[in-house]
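Below is one structure, written out as structure tokens, with a few remarks after it.
Protein chains: 2
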Amino acid sequence: MTPQDPAFLERLKGIVGPAHVLTEPADLAPFLAEERGRYQGAATVAVRPGSTEEVAAVVAACAEAQVPVVPQGGNTGLVGGAVSEAGEVVLALGRLNRIRALDPAAHTLTAEAGCILADLQGAAEDAGLLFPLSLGAEGSCQIGGNLASNAGGLNVLRYGTARDLCLGLEVVLADGRIWHGLSGLTKDNTGYALKHLFIGAEGTLGIITAAVLKLFPRPTESATALLAVPDLTAALDLLGRARARSGDSVSAFEVMNGFSLEVAVRHLPGARAPLEEPTPWAVLVELATSRPDAPLRPVLETLLEEAFEAGLVSDGVIAESLDQRAALWNLREGIPEAQKPEGGSIKHDVSLPLAAIPEFVAAADAAVDALVPGIRPCTFGHLGDGNLHYNLSQPAGADKDAFLARWEEISARVHDLVVERGGSISAEHGIGQLKVAELERLKPALDMDLMHRLKKALDPDRVLNPGKVVR
Amino acid sequence: MTPQDPAFLERLKGIVGPAHVLTEPADLAPFLAEERGRYQGAATVAVRPGSTEEVAAVVAACAEAQVPVVPQGGNTGLVGGAVSEAGEVVLALGRLNRIRALDPAAHTLTAEAGCILADLQGAAEDAGLLFPLSLGAEGSCQIGGNLASNAGGLNVLRYGTARDLCLGLEVVLADGRIWHGLSGLTKDNTGYALKHLFIGAEGTLGIITAAVLKLFPRPTESATALLAVPDLTAALDLLGRARARSGDSVSAFEVMNGFSLEVAVRHLPGARAPLEEPTPWAVLVELATSRPDAPLRPVLETLLEEAFEAGLVSDGVIAESLDQRAALWNLREGIPEAQKPEGGSIKHDVSLPLAAIPEFVAAADAAVDALVPGIRPCTFGHLGDGNLHYNLSQPAGADKDAFLARWEEISARVHDLVVERGGSISAEHGIGQLKVAELERLKPALDMDLMHRLKKALDPDRVLNPGKVVR
Numbered sequence: 001m002t003p004q005d006p007a008f009l010e011r012l013k014g015i016v017g018p019a020h021v022l023t024e025p026a027d028l029a030p031f032l033a034e035e036r037g038r039y040q041g042a043a044t045v046a047v048r049p050g051s052t053e054e055v056a057a058v059v060a061a062c063a064e065a066q067v068p069v070v071p072q073g074g075n076t077g078l079v080g081g082a083v084s085e086a087g088e089v090v091l092a093l094g095r096l097n098r099i100r101a102l103d104p105a106a107h108t109l110t111a112e113a114g115c116i117l118a119d120l121q122g123a124a125e126d127a128g129l130l131f132p133l134s135l136g137a138e139g140s141c142q143i144g145g146n147l148a149s150n151a152g153g154l155n156v157l158r159y160g161t162a163r164d165l166c167l168g169l170e171v172v173l174a175d176g177r178i179w180h181g182l183s184g185l186t187k188d189n190t191g192y193a194l195k196h197l198f199i200g201a202e203g204t205l206g207i208i209t210a211a212v213l214k215l216f217p218r219p220t221e222s223a224t225a226l227l228a229v230p231d232l233t234a235a236l237d238l239l240g241r242a243r244a245r246s247g248d249s250v251s252a253f254e255v256m257n258g259f260s261l262e263v264a265v266r267h268l269p270g271a272r273a274p275l276e277e278p279t280p281w282a283v284l285v286e287l288a289t290s291r292p293d294a295p296l297r298p299v300l301e302t303l304l305e306e307a308f309e310a311g312l313v314s315d316g317v318i319a320e321s322l323d324q325r326a327a328l329w330n331l332r333e334g335i336p337e338a339q340k341p342e343g344g345s346i347k348h349d350v351s352l353p354l355a356a357i358p359e360f361v362a363a364a365d366a367a368v369d370a371l372v373p374g375i376r377p378c379t380f381g382h383l384g385d386g387n388l389h390y391n392l393s394q395p396a397g398a399d400k401d402a403f404l405a406r407w408e409e410i411s412a413r414v415h416d417l418v419v420e421r422g423g424s425i426s427a428e429h430g431i432g433q434l435k436v437a438e439l440e441r442l443k444p445a446l447d448m449d450l451m452h453r454l455k456k457a458l459d460p461d462r463v464l465n466p467g468k469v470v471r
Numbered sequence: 001m002t003p004q005d006p007a008f009l010e011r012l013k014g015i016v017g018p019a020h021v022l023t024e025p026a027d028l029a030p031f032l033a034e035e036r037g038r039y040q041g042a043a044t045v046a047v048r049p050g051s052t053e054e055v056a057a058v059v060a061a062c063a064e065a066q067v068p069v070v071p072q073g074g075n076t077g078l079v080g081g082a083v084s085e086a087g088e089v090v091l092a093l094g095r096l097n098r099i100r101a102l103d104p105a106a107h108t109l110t111a112e113a114g115c116i117l118a119d120l121q122g123a124a125e126d127a128g129l130l131f132p133l134s135l136g137a138e139g140s141c142q143i144g145g146n147l148a149s150n151a152g153g154l155n156v157l158r159y160g161t162a163r164d165l166c167l168g169l170e171v172v173l174a175d176g177r178i179w180h181g182l183s184g185l186t187k188d189n190t191g192y193a194l195k196h197l198f199i200g201a202e203g204t205l206g207i208i209t210a211a212v213l214k215l216f217p218r219p220t221e222s223a224t225a226l227l228a229v230p231d232l233t234a235a236l237d238l239l240g241r242a243r244a245r246s247g248d249s250v251s252a253f254e255v256m257n258g259f260s261l262e263v264a265v266r267h268l269p270g271a272r273a274p275l276e277e278p279t280p281w282a283v284l285v286e287l288a289t290s291r292p293d294a295p296l297r298p299v300l301e302t303l304l305e306e307a308f309e310a311g312l313v314s315d316g317v318i319a320e321s322l323d324q325r326a327a328l329w330n331l332r333e334g335i336p337e338a339q340k341p342e343g344g345s346i347k348h349d350v351s352l353p354l355a356a357i358p359e360f361v362a363a364a365d366a367a368v369d370a371l372v373p374g375i376r377p378c379t380f381g382h383l384g385d386g387n388l389h390y391n392l393s394q395p396a397g398a399d400k401d402a403f404l405a406r407w408e409e410i411s412a413r414v415h416d417l418v419v420e421r422g423g424s425i426s427a428e429h430g431i432g433q434l435k436v437a438e439l440e441r442l443k444p445a446l447d448m449d450l451m452h453r454l455k456k457a458l459d460p461d462r463v464l465n466p467g468k469v470v471r
């Protein structure tokens with residue numbers, strides 16, 4: 001059956017109400033757009049259920065009609081995971097936006113899939129607690145999508161990825177049944193870890209409708225510095241010292257190469273150079289604690305003194321105010337935006353074993369320069385997690401389209417170097433459809449076989465987000 | 001084929017060498033024994049492979065011959081998960097005992113499945129780091145078994161369960177293929193989370209042969225206290241205050257009811273009463289940090305002053321030395337042993353949402369006393385994790401066998417009360433064979449359906465540990 005079939009549309013309207021079955025192009029447009037403009041959705045129907053039961057009924061109707069379903073949260077993904085084909089129905093979770101419970105004693109928050117990440121951060125803050133998941137899109141991304149893509153972001157080093165922050169899930173399965181896994185227990189060894197099947201599966205094994213999330217004591221104090229380091233080896237040495245010195249209170253350890261810092265300073269509104277001289281690499285380190293009796297500023301100062309003496313750090317600035325802290329973070333978070341005026345950018349989201357990172361960057365820089373002389377690596381990322389956004393700006397003055405036309409060739413080279421060193425070609429953005437072919441090329445056959453077995457076990461008729469992750 | 005078939009035995013001997021295929025009763029005995037004496041293994045063959053490749057070849061041979069395989073680590077499990085039936089082969093992992101790598105900068109340790117937990121703790125300590133998994137059997141249990149059963153123990157509140165401490169796995173699948181998942185990356189979103197299938201699956205979906213484990217900065221300082229609290233509500237209040245006050249440095253928060261503390265003092269060699277008066281409940285709290293500049297003793301003292309004033313604590317002792325700390329921990333860890341002279345004990349390993357615990361304990365105490373007047377709840381456990389070892393000592397002077405004969409009836413009542421409150425009937429010990437029937441009785445049909453689908457997807461011929469977890 002096609003989604004345009006009148007009987008099918010009537011059934012959907014009967015479930016969610018006519019106002020929430022969208023078929024007009026103007027209504028559909030936001031659900032067909034894609035963050036980076038690389039894809040254009042093609043569904044002719046989008047459904048906006050208002051409850052888990054409605055999600056279940058919609059999926060059951062789609063399964064029966066053999067119409068594939070593309071679940072969509074805030075539509076901020078970077079790999080085309082929420083982009084629809086013609087003949088598919090977009091199932092938008094935005095109306096499932098209730099916080100069902102917040103238990104301060106248990107440090108848990110139970111939220112529906114369509115809750116905006118920033119709203120959950122705010123709800124935790126209102127309770128004097130912290131929900132640590134934090135990323136660029138937090139003002140519009142939804143927690144269901146964060147979990148379906150196992151989002152990372154800025155606080156992974158201390159608090160883990162979305163997976164680590166999730167104590168339980170409620171999920172609509174491919175046949176429309178509802179799996180109730182919201183107990184929120186820290187310890188439960190009664191059989192297989194079902195929730196982990198759905199986290200990071202990008203909606204291909206089930207549709208997350210609600211989650212129990214972990215909260216933490218809210219840091220009452222932080223100390224932030226931006227430091228010039230000579231190379232990545234020094235940065236890694238500094239990371240180890242920071243972890244030990246601070247009682248594992250390092251909440252962020254971000255790295256930027258000289259070019260990425262330079263474009264941030266050049267293009268971001270109001271940005272100023274934080275350091276006196278250019279540096280090959282800079283580190284943004286932040287310590288945070290909820291301990292009221294143990295200030296972190298002296299810890300950071302001691303750390304920096306030692307690092308200067310050891311030659312690990314050549315210059316640096318400690319934030320003296322919340323405004324200065326925000327200015328330092330703005331430089332780091334603004335890099336993707338600041339890259340745009342520099343022309344085309346071929347982007348990678350890779351992770352590597354920490355020890356392999358310095359040599360990888362050297363090898364990759366040489367390899368891409370051999371392919372495109374004058375290419376400008378704009379390398380930044382979450383060094384503490386081994387995660388680099390290895391973005392490549394076109395040579396100054398080169399033709400943007402001609403440069404971007406070489407995306408696949410250049411990415412293949414970078415990904416080969418990553419995999420040879422035991423790394424991952426998608427650290428935090430997922431596979432979606434952007435990296436399906438690269439996954440098939442680079443993932444061992446046995447891994448792909450296991451993934452196909454899981455897909456077949458949970459979604460034998462391929463109703464859920466077909467063509468994403470496994471195809 | 002039966003395992004005694006000469007051709008089959010020859011094939012096994014060809015793989016692992018004749019010395020490592022055990023068929024003599026005396027040689028087999030340790031692999032057929034069971035920790036609590038509730039089960040007796042019945043396999044006539046045990047194989048001791050010396051490498052992952054040998055494990056793979058043994059499993060392939062067993063799969064071909066349709067002989068089921070029971071993987072066994074240190075054989076310290078408490079639910080009969082490593083107990084064999086006649087016609088099965090025990091596959092003992094103890095010879096896979098190499099530490100393959102320890103990377104201090106990355107804070108990772110790569111170890112084979114047969115490594116003794118205490119040896120891994122020691123290796124981390126030698127590198128100035130901490131591997132935090134810690135439990136009663138650590139001197140003989142093996143890391144492969146710890147992961148297969150998702151072991152918990154004493155440090156879960158701070159560091160998580162075995163699952164949380166695992167960055168990667170190497171696994172032999174049911175058909176003898178080897179899954180290589182030892183990359184050890186913190187972030188890797190390239191498809192489904194395969195490692196989580198095998199952790200906690202008790203060897204029913206694959207046999208873990210090696211793992212990458214997370215290490216942490218070693219705490220350089222700790223502060224430990226045993227406190228008298230009037231009830232569990234006060235204990236939970238104290239837990240929240242301790243987490244916030246200490247910057248989330250609470251590494252243990254254990255609870256003991258008055259009877260459990262009393263039997264520990266009465267029966268453990270050299271034990272002395274830590275408090276002046278009997279108390280309904282006691283809490284053992286420990287704070288730990290690797291921060292050299294921020295002592296925890298004053299934090300604990302401030303916390304206790306506040307708690308006294310708020311009426312949460314009526315008496316307490318802070319450990320003044322490592323010996324005193326050891327004496328306090330000995331009371332807590334010795335409870336299972338100290339229960340033995342008091343006669344039969346019907347044991348439960350349950351977890352509940354934290355807020356439900358006080359009411360659950362009251363309801364369960366009343367319910368079991370209604371069944372067996374004079375029954376003596378010996379309740380202790382990891383309150384910070386919502387995990388109680390709700391053990392029930394027989395009434396003083398009652399007949400032990402008659403009491404133990406009512407195990408299933410009493411357990412069913414306790415488990416009903418747990419499940420009604422959203423809890424788990426196995427917080428950390430797993431299902432094995434002991435709780436298979438209770439799992440089937442109490443787990444929702446949809447959960448069981450999903451588990452059977454996974455079993456069928458990964459082990460369609462039921463070669464791996466049949467009858468455990470799912471049957």
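Protein chains in written order, with full-length UniProt numbering: chain A, 1 to 471; chain B, 1 to 471. Don't be surprised by glycine CBs; every beta carbon is placed ideally from N, CA and C.
May I ask you to check if the CB of residue i is nearer than 7 Å to at least one heavy atom of the ligand PLP?
i	result
residue 208 of chain B	Among the components modelled here there is no ligand, and therefore nothing to report on the ligand PLP.
Beta strand (DSSP E) containing residue i: first to last residue?
i	result
residue 164 of chain B	First-last for residue 164 of chain B: undefined, no H or E at that position.
residue 374 of chain A	Careful: residue 374 of chain A lies outside any beta strand (DSSP E) and carries neither H nor E.
residue 286 of chain B	281-289
In this structure, what does DSSP give as the bridge partners for residue i?
i	result
residue 116 of chain A	A:142
residue 381 of chain A	A:255, A:388
residue 181 of chain B	B:169
residue 217 of chain B	B:129
residue 424 of chain A	A:351
residue 153 of chain B	B:134
residue 71 of chain B	B:91
residue 46 of chain B	B:22, B:90
Am I right that residue i and residue j are in contact with their C-beta atoms under 8 Å? What's the rounded C-beta distance?
i	j	result
residue 423 of chain A	residue 352 of chain A	4 Å
residue 168 of chain A	residue 431 of chain B	Not confirmed; about 19 Å, so no contact.
residue 410 of chain B	residue 419 of chain B	Contact doesn't hold; Cβ gap of about 15 Å is too wide.
residue 342 of chain A	residue 260 of chain A	Contact doesn't hold; Cβ gap of about 10 Å is too wide.
residue 52 of chain A	residue 212 of chain A	Going by Cβ atoms, the distance from residue 52 of chain A to residue 212 of chain A rounds to 14 Å, so no, they are not a contact pair.
residue 68 of chain B	residue 317 of chain B	About 52 Å separates the two Cβ atoms, so there is no contact after all.
Cutting at 8 Å between CB atoms, please list the residues of its own chain near residue i, excluding the five before and the five after it.
i	result
residue 219 of chain B	130, 251, 288, 289, 290
residue 479 of chain A	Residue 479 of chain A falls outside the range modelled here, since chain A spans only 1 to 471, and no answer is possible.
residue 9 of chain B	3, 21, 23, 45
If we call anything under 8 Å between Cβ atoms a contact, is residue i one with residue j?
i	j	result
residue 141 of chain B	residue 76 of chain B	yes
residue 349 of chain B	residue 429 of chain B	yes
residue 152 of chain B	residue 187 of chain A	yes
residue 156 of chain B	residue 91 of chain B	no
residue 281 of chain B	residue 235 of chain B	yes
residue 279 of chain B	residue 311 of chain B	no
Assuming residue i is part of the alpha helix (DSSP H), what are its boundary residues?
i	result
residue 29 of chain B	25-32
residue 339 of chain B	335-339
residue 435 of chain A	Note, residue 435 of chain A: premise wrong, no alpha helix (DSSP H); not H, not E.
residue 12 of chain B	6-16
residue 101 of chain B	No alpha helix (DSSP H) contains residue 101 of chain B, which is instead part of the beta strand (DSSP E) from 99-103.
Which same chain residues, not among the five before or five after residue i, have their C-beta less than 7 Å away from its C-beta?
i	result
residue 107 of chain A	129, 214, 215, 216
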